[in-house]
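Read in order, the letters of the sequence shown are residues 365 to 594 in my numbering. Note that the Cβ used here is the ideal one computed from N, Cα and C, for glycine as well. Being a predicted model, the structure only gives us computed values, none of them experimental. Below is one structure, written out as structure tokens; the observations come after it.
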Amino acid sequence: MIHRALREAPVLPTRYHAFQFPHLAQIALSALLVLWLHPLPAGNVAMAAPAALPSKHLTPATEPIALTPYEQHISKVYNTASQTVVNITTYSIRYDDNLNPLPKQGSGSGVVVSADGLVVTNNHVIEGAQSVEVSLTNGSQYAAKLIGRDANTDLALIQLIADKPLNLMAIPMGNSEHLQVGQTVLAIGNPFGFNSTLSTGVISSLNRHLRAPNGRLIEQVIQTDAAINP
Numbered sequence: 365m366i367h368r369a370l371r372e373a374p375v376l377p378t379r380y381h382a383f384q385f386p387h388l389a390q391i392a393l394s395a396l397l398v399l400w401l402h403p404l405p406a407g408n409v410a411m412a413a414p415a416a417l418p419s420k421h422l423t424p425a426t427e428p429i430a431l432t433p434y435e436q437h438i439s440k441v442y443n444t445a446s447q448t449v450v451n452i453t454t455y456s457i458r459y460d461d462n463l464n465p466l467p468k469q470g471s472g473s474g475v476v477v478s479a480d481g482l483v484v485t486n487n488h489v490i491e492g493a494q495s496v497e498v499s500l501t502n503g504s505q506y507a508a509k510l511i512g513r514d515a516n517t518d519l520a521l522i523q524l525i526a527d528k529p530l531n532l533m534a535i536p537m538g539n540s541e542h543l544q545v546g547q548t549v550l551a552i553g554n555p556f557g558f559n560s561t562l563s564t565g566v567i568s569s570l571n572r573h574l575r576a577p578n579g580r581l582i583e584q585v586i587q588t589d590a591a592i593n594p
């Protein structure tokens, strides 16, 4: 399943498990999963293990377990970035050999890149769609129209259709030229309909090459080990 060194991150909608695209506004989404690259707070990489209880009789905890600084940082970034991730549902009708209509429905993820409702997603998500519906994290739903797409990089741009001006939260953009191998990656998306799913990893490599669904070679691909479902 887009990017903000955001110092924050890119958002990516891509179905390729270990790769994300830096093109089209530094975005590459799959199940779109928004890729958020974010620096960690200094000195907070190590994670302490809980101390063993001296007694075999466990006492129910009366207070919530405090998050480590690392966990607090990840949670803060997720709570912000996840609000820009949307679920995309596509509808189309095909016909069988007897000309009987065969309704088809698909789904994918996207990310809001402007307050007035521009959304970046993968081209394979909307390809062949006769109508597109976008659901926001607050439950609002909008029809959307295609603005442009690039099959060579598997990216597409759609516009939400609204009766009045929108003022949506958009993901901040960064510059992929500043990325470094080892930076933390947060992948956020809606795999298999599970909204706002988070997985984490690191940038495994830069400037990789990958084949788009149409067979064209995509250059300058960002590789990550964050779990991304197709």
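Judged by DSSP in its simplified three-state form, Lys468 adopts strand.
Here Gln436 is not bridged, per DSSP, to any residue. Rounded to the nearest whole angstrom, the CA to CA distance from Leu530 to Asn502 is 14 Å. In this structure, the beta-carbon distance from Val549 to Leu521 does not fall below 9 Å. Ranked by Cα distance from Lys528, the first of Glu541, Ala515, Gly546, Tyr506 is Tyr506.
Taken in chain order, the complete beta strand (DSSP E) segments of 3 or more residues contained in the region 517-548 are 519-525. Annotated as proximal: Val450 and Leu500, with beta-carbon spacing under 9 Å.
The region 550-565 and the region 455-475 touch, with three or more beta-carbon pairs separated by less than 8 Å. In this structure, Ala493 and Thr454 form a Cβ contact; the two beta carbons are roughly 4 Å apart against a cut-off of 8 Å.
Across the structure, Ser478 and Asp514 are spaced so that their CA atoms are roughly 19 Å apart. If you ignore the 5 residues before and after Gly557, its C-beta comes within less than 7 Å of the C-beta of Ser471, all in its own chain and listed in chain order.
Assignment of Gly503 by DSSP, reduced to helix, strand and coil, places it in the coil class. Counted as a single uninterrupted DSSP element, the alpha helix (DSSP H) harbouring Asn487 occupies residues 487-490.
Residues Leu431 of the same chain have their beta carbon placed closer than 7 Å to that of Ser439, with the five preceding and five following residues left out of the count. DSSP lists Val496, Leu524 as the beta-bridge partner residues of Ala508. Taking the Cα positions, Gly512 is about 9 Å away from Asn487. If you draw a straight line from the Cα of Ile490 to the Cα of Pro577, it is about 13 Å long.
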